[in-house]
Amino acid sequence: MWSAASADGGDLGTAARIRDAAIERFGRDGFTVGVRAIAEDAAVSPGLVVHYYGSKQGLRRACDEHVREVIVAEKRAATTGGTAAGLLAQLADVERFAPVVLYVVRSMREGGDLAAELFEQMVDDAARYLEAGVAAGVIRPSRDPVARARVMAYQSMGSILMWLTMHPEHADPASFGKALRAYIEEVTVPVLEVFTEGLYTDRSLLEEYLLYVPDPPRDGAQD
353 MWSAASADGG DLGTAARIRD AAIERFGRDG FTVGVRAIAE DAAVSPGLVV
403 HYYGSKQGLR RACDEHVREV IVAEKRAATT GGTAAGLLAQ LADVERFAPV
453 VLYVVRSMRE GGDLAAELFE QMVDDAARYL EAGVAAGVIR PSRDPVARAR
503 VMAYQSMGSI LMWLTMHPEH ADPASFGKAL RAYIEEVTVP VLEVFTEGLY
553 TDRSLLEEYL LYVPDPPRDG AQD
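Quick note: to get our numbering, add 352 to the position in the sequence shown (first position is 1).
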């Protein structure tokens, strides 16, 4: 079974084992799955799930929190390190993160208040680890760090959701690790190109837009 701790050889406690089983089961089958199925996956009684988490909603919130912790740890390492060795190490082991990514994908697809809350928390997390990258001298500063983080979150989630829609052959949750590998191999080079080299050859478009924003021309009039 996947877990951040077990991947590093740590000994999982019962609560963590239940949480990790729930992350996998929610990702595969959606959030209508019952506590009994999760308990069976974790080899515990349904009562023990309730003992640790209070309810299925409490368990889902714990899953959300853990998923965010895993994402933040990896993203912070990438944004503050900025080394090819670190990136290559992450790419070599990308299947390990399949349950986490599938969980987030499932949450965004199903929507609802908890999904919206998870997304907003991910935006806040992204703003913080991007600013850590700025402080480390690896990432350029932004005029609006939170807005930049939000756009990057939109692009990141939208990209993988669209990719999965366009590749129905990867629809089986049981083989999501393979799908994640295929997605990463397709997008990594162009994403790194845009992030490191930029798209436009000069800043004129941005500078003109920034002049336009506080005092836009009316009725399409031009100066």
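Built from N, CA and C at the ideal position, the CB exists for glycine as well.
Only a predicted model underlies this, so the values are computations on that prediction, with no experimental measurement involved.
Would you kindly work out how many angstroms separate the C-alpha atoms of A488 and I423, rounded to a whole number? By 1-based counting over the sequence shown, the position of residue 488 is 136. By 1-based counting over the sequence shown, the position of residue 423 is 71. Their Cα atoms are separated by approximately 19 Å.
Could you tell me whether the stretch 520-534 touches the stretch 431-450, using the rule of 3 or more Cβ pairs below 8 Å? yes
Please determine, among V453, V452, A430, the residue with the shortest C-alpha to C-alpha distance to Q442. Along the sequence shown, one-based indexing puts residue 442 at 90. Ranking V453, V452, A430 by Cα distance to Q442 puts A430 first.
H519, DSSP secondary structure in three states: Within the sequence shown, the letter at position 167 stands for residue 519. Three-state DSSP puts H519 in coil, outside helix and strand.
Please identify the residue among S494, S508, D496 whose C-alpha is closest to the C-alpha of M474. Translated into the one-based positions of the sequence shown, residue 474 becomes position 122. The residue with the shortest Cα to Cα distance from M474 is S508.
Inter-stretch contact (C-beta, 8 Å, three-pair minimum) for the stretch 448-465 and the stretch 380-395: yes
So, for H522: in the same chain, excluding its five sequence neighbours on each side, which residues have a beta-carbon less than 6 Å away from its beta-carbon? The residue given as residue 522 occupies position 170 in the sequence shown. Once the five neighbours on either side are set aside, the close Cβ partners of H522 are A531.
Residue from M518, F528, V396, V486 whose Cα sits closest to the Cα of L454: In the sequence shown, counting from the first residue as 1, residue 454 sits at position 102. Taking only the C-alpha atoms, the option nearest L454 is F528.
Examine the Cβ distances between the stretch 466-473 and the stretch 409-418 and report whether three or more of them are shorter than 8 Å. These segments touch.
Range covered by the alpha helix (DSSP H) that runs through F449: Walking along the sequence shown from the start, residue 449 turns up at place 97. Element bounds for F449: n/a, residue is neither H nor E.
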